[in-house]
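**Q** Next up is a structure, given as structure tokens.
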Amino acid sequence: MTVRTRFAPSPTGYMHIGGMRSALFNWLFARQNGGQFILRIDDTDQARNVEEALAPILNAFRWLGLDWDEGPEVGGGYGPYFQSQRGDLYQAAAERLLAEGKAYRCFDSVEQVQTDKEHLREHNTPPAGMRRSLELSDAEIQTRLDRDEPWVLRFKVPHDRKIEIDDQIRGHVEWDSSLMFDPNISRSNGSPLYNFATVVDDAQLKITHVIRAEEHLTNTAVQVLLYEALGESVPVFAHIPFVMAPGTKKKISKREIDKYRKSPAFKILFDLSARVLPQIGIDEESVNPVMVGFYEQCGFLPAGLLNSLGRTGWSFDETTEFMSLGFLIEHFSLGRVVKSSAAFDPEKLMSYQSHWMAELSHEDRADQCLPFLQKAGLLSDSPSDAERSLVTRVVTALDDRIKVAGDILTYDYFFKADIEFSEKDFKKRVSRSGVPELLTEFRAVLAGHDGWSAESLEAALQSFVESKEVGAGLLIHALRIAATGSAIGPGVYDCLVLVGRETVLSRIDLALAMAAESSE
RNA sequence: GCCCCCAUCGUCUAGUGGCCCAGGAUGCGGGAUUCUCAGUCCCGAGACAGGGGUUCAAAUCCCCUUGGGGGUACCA
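One gets our numbering by counting positions in the first sequence from 1 and adding 582 to each.
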């Protein structure tokens, strides 16, 4: 039997981070077992713009390198893969259940059902007995049908059953069917409800392993009954824990985004996007950490996010933290998925991301950074060899300081002509007694300096400060601010080399002028 | 209310009766390296929700309590 798993997203216009984790586990399990991973689109609610709303989802899969064997764009032998196009399947299954007496028309209004349930609850009785419509005679049913009375289809739960599953993660779970209320399986307009559609689909798609979030565990009872009524074999279930929002015990959700913006647990992520996104022309409000696209746009590596997703709710052993996709395919196991829900941890994500970024060669890191510089207008659309080489040299000098590709924008002073001096640092390092004079003199040294390498510049500065009998730090800090405008960056000699002699000299002039101005 | 699931450092987790006065990672605190920042290297603080059993022995098994989460929709 070939393993077949699936992920069934609704086209919502973004890919949810928690959903992505579910998809990843399904994908890993399929790949590990040489099976198929299927993408089915749950678009019964959205009539319009499915394509547009689906694009970010497919893009997220592609970005992370998770392919699908059947689904949108690739087709497959069990299509169509859009629920909106599978109406006849649900219709046929519903009619069969009705004909076989396994489902019945319920003429009760929503309000009526509601009232009945409340009444029963007051008397502490489970609502399983509510089957008024089942007592209707054929003639009565026909009369109501003739009068065009609305009805929904309810599945007739056999009340004498113990429903048991051996969940791959939860273990043995069982329910008493006598406590279950007959579930509505299709609406008065004939469209199927989730529990029904999903069973019909999973059966028709020959899904062998249903790996999904824990919220569906209770639904499984009804679904098992439905599989049986339809004469289909029941798949293996694996209910994985929720991905919770950092700092909370609630499922991570886009609706809570305003709270997340204020939450300290999310701070590093929002700080990052505030640094990066405005510079590349993306509205900060348009993406957020609940969406997979956020990470792509900030410059995360697929490997970083994947490692983080793979480690929330799953572990390999007691020490292994860094896992490539290949490692995960090889070693993933449902049995090692944890039972308790896990909070997505941005700090740990950063740690994985830093690790995978550090694994990249400087050239590859430069390739990651390049598009960000282009989007920020700091580099032309088709960069010259000289520009590309500058990026590589800057990235090399920056080394571990680049954790996500978007970090390159923090060091924009290597890529633009005009810089702004950080006011605070300028005051602290340049506008202090003796420093402008020192800088003026050293400017002359630089202007006449033979060669322009980090080594020779260091030697020049050392002998200069020795002759002046001042600490090297005094000049170094001032020089850094003057040459880059910023207190942070690579070693100062690297900075001088990368910025170039001419620019360094003119920036020093500018700094000296500013210092003179402020001292007046 | 009823049904189901879950419970180890702040967080992610290891642990399937003795290897555990609980291991790793992350974050945090301190130190070292240093021209800043980042990194790296050391050191440190930090958890078995509570109560009962079972057993020579329990984080691990059982029961109860408490806490958290989910379901109970003509949502998915």
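The beta carbon of each residue, even a glycine, is placed where N, CA and C say it ideally should be.
Which runs of the alpha helix (DSSP H), 4 residues or longer, sit entirely within the region 938-1000?
**A** Qualifying alpha helix (DSSP H) stretches, in chain order: 944-957 and 967-980.
**Q** For Ile-789 and Val-818, what's the separation of their Cα atoms in angstroms?
**A** Using only the alpha carbons, I get a separation of about 9 Å.
**Q** If you run the structure through DSSP and keep just helix, strand and coil, what is Glu-746?
**A** Reduced to three states, the DSSP call for Glu-746 is strand.
**Q** What are the start and end residues of the beta strand (DSSP E) that includes Gly-753?
**A** Counting along the chain, the beta strand (DSSP E) containing Gly-753 begins and ends at 753-758.
**Q** Identify every run of the alpha helix (DSSP H) within the region 598-633, keeping only runs that are complete inside it and at least 4 residues long; order them along the chain.
**A** The qualifying runs are 599-614.
**Q** For Ile-862, which of helix, strand or coil comes out of DSSP?
**A** In the structure shown, Ile-862 sits in a helix (DSSP, three-state: H, G or I).
**Q** Between the region 867-883 and the region 984-999, are three or more C-beta pairs nearer than 8 Å?
**A** Result yes; three or more Cβ-Cβ pairs closer than 8 Å.
**Q** Near Asp-784, which residues of its chain fall below 8 Å by C-beta distance, leaving aside the five closest residues on each side in sequence?
**A** Closer than 8 Å at the Cβ level, and outside the excluded window around Asp-784, lie Arg-588, Val-792 and Pro-817.
**Q** Can Ala-847 and Gly-829 be called in contact, C-beta distance under 8 Å?
**A** Their beta carbons are under 8 Å apart, which means Ala-847 touches Gly-829 by this criterion.
**Q** Name the DSSP bridge partner or partners of Pro-593?
**A** None, per the DSSP bridge assignment.
**Q** For Val-792, write down the residues that DSSP places opposite it in a beta bridge.
**A** Val-792 pairs with Phe-819.
**Q** Can you grab the Cα-Cα spacing for the pair Ile-1083 / Trp-1034, in whole Å?
**A** The question names Ile, yet the displayed sequence has Arg at residue 1083. In a straight line, the C-alpha of Arg-1083 is about 7 Å away from that of Trp-1034.
**Q** Along the chain, where does the beta strand (DSSP E) containing Asn-766 start, and where does it finish?
**A** Its beta strand (DSSP E) spans residues 766-768.
**Q** Let's test the definition: count the other Cβ atoms within 10 Å of the Cβ of Arg-668 and tell me whether it reaches 16, buried, or not, exposed.
**A** The residue in question, Arg-668, is buried, as its Cβ has 16 or more Cβ neighbours within 10 Å.
**Q** How close, in whole Å, do the beta carbons of Leu-727 and Tyr-686 come, if the pair is a contact with beta carbons under 8 Å?
**A** Their Cβ separation, rounded to whole angstroms, is 13 Å, which puts Leu-727 and Tyr-686 out of contact at 8 Å.
**Q** List the endpoints of the continuous beta strand (DSSP E) containing Phe-737.
**A** Taken as a continuous stretch (DSSP letters only), the beta strand (DSSP E) holding Phe-737 covers 734-737.
**Q** Please determine, among Phe-852, Ala-1042 and His-754, the residue with the shortest C-alpha to C-alpha distance to Tyr-877.
**A** Closest by alpha carbon: Phe-852.
**Q** Measure from the alpha carbon of Glu-1023 to the alpha carbon of each residue in Lys-1006, Leu-1080 and Ile-1090, then state which is nearest.
**A** Comparing Cα positions, the closest option is Ile-1090.
**Q** Look at the alpha carbon of Val-1052 and the alpha carbon of Ile-1058, and state the distance between them as a whole number of angstroms.
**A** One C-alpha to the other measures close to 11 Å.
**Q** Taking the alpha-carbon positions, what's the Ala-820 to Ala-635 distance?
**A** In a straight line, the C-alpha of Ala-820 is about 28 Å away from that of Ala-635.
**Q** Is Asn-766 near the ligand GDP - that is, is its Cβ less than 7 Å away from at least one heavy atom of it?
**A** Looking for the ligand GDP in the displayed structure turns up nothing, as the structure carries no ligands at all.
**Q** For Asp-1000, count neighbouring Cβ atoms within 10 angstroms of its own Cβ and tell me buried if that reaches 16, exposed if not.
**A** Exposed: under 16 other Cβ atoms inside 10 Å.
**Q** So the beta strand (DSSP E) Ala-685 belongs to, where does it begin and stop?
**A** From DSSP, the beta strand (DSSP E) with Ala-685 extends over 685-688.
**Q** Between Cys-1077 and the rest of its own chain, which residues show a CB-CB distance below 7 Å, the 5 nearest in sequence each way excluded?
**A** Arg-1062, Ala-1065, Thr-1066 and Gly-1071, listed in sequence order.
**Q** Rounding to the nearest angstrom, what Cα-Cα distance links Leu-1020 and Tyr-1075 in this structure?
**A** When rounded, the distance between both Cα atoms is 17 Å.
**Q** Spatial neighbours of Pro-740 within its chain, please: CB distance less than 8 Å, with the 5 preceding and 5 following residues excluded, ordered by chain position.
**A** Within the same chain, Pro-740 has close Cβ partners Ser-759 and Leu-807.
**Q** Under the three-state reduction of DSSP, which class applies to Pro-871: helix, strand or coil?
**A** Three-state DSSP puts Pro-871 in coil, outside helix and strand.
**Q** Which of the three DSSP states is assigned to Arg-1089 in this structure?
**A** In this structure, Arg-1089 counts as helix in the three-state DSSP scheme.
**Q** Can you tell me whether DSSP reads Pro-740 as helix, strand or coil?
**A** Three-state result, Pro-740: coil.
**Q** If you drop the 5 nearest sequence neighbours on each side, which residues of the same chain put their C-beta closer than 8 Å to that of Glu-969?
**A** Excluding positions up to five away in sequence, the list reads Leu-961 and Ser-962.
**Q** For Ala-924, I'd like the list of residues in its chain whose CB is within less than 7 Å of its CB, leaving aside the five on either flank, ordered along the chain.
**A** Counting only Cβ-Cβ distances below 7 Å, and skipping sequence neighbours, we find Pro-823, Val-825, Met-826, Thr-894 and Gly-895.
**Q** Going straight from the alpha carbon of Arg-603 to that of Gly-892, what length do you get?
**A** Their backbone Cα atoms lie some 7 Å apart in a straight line.
**Q** Could you name the residues of the same chain whose beta carbon sits closer than 7 Å to that of Arg-714, not counting the 5 residues immediately before and after it, in chain order?
**A** Cβ within range, chain order: Asp-690.
**Q** For Ala-1060, collect the residues of the same chain with a Cβ closer than 6 Å to its Cβ; drop the 5 residues on either side in sequence, then sort them by chain order.
**A** Answer for Ala-1060: Arg-1011, Val-1012, Val-1017 and Leu-1021, listed in chain order.
**Q** Decide if Val-858 is buried, meaning its Cβ has at least 16 other Cβ atoms within 10 Å, or exposed.
**A** Label assigned to Val-858: buried.
**Q** For Met-826, list the residues DSSP reports as bridge partners.
**A** Looking at the DSSP assignment, Met-826 forms a beta bridge with Lys-833 and Ala-925.
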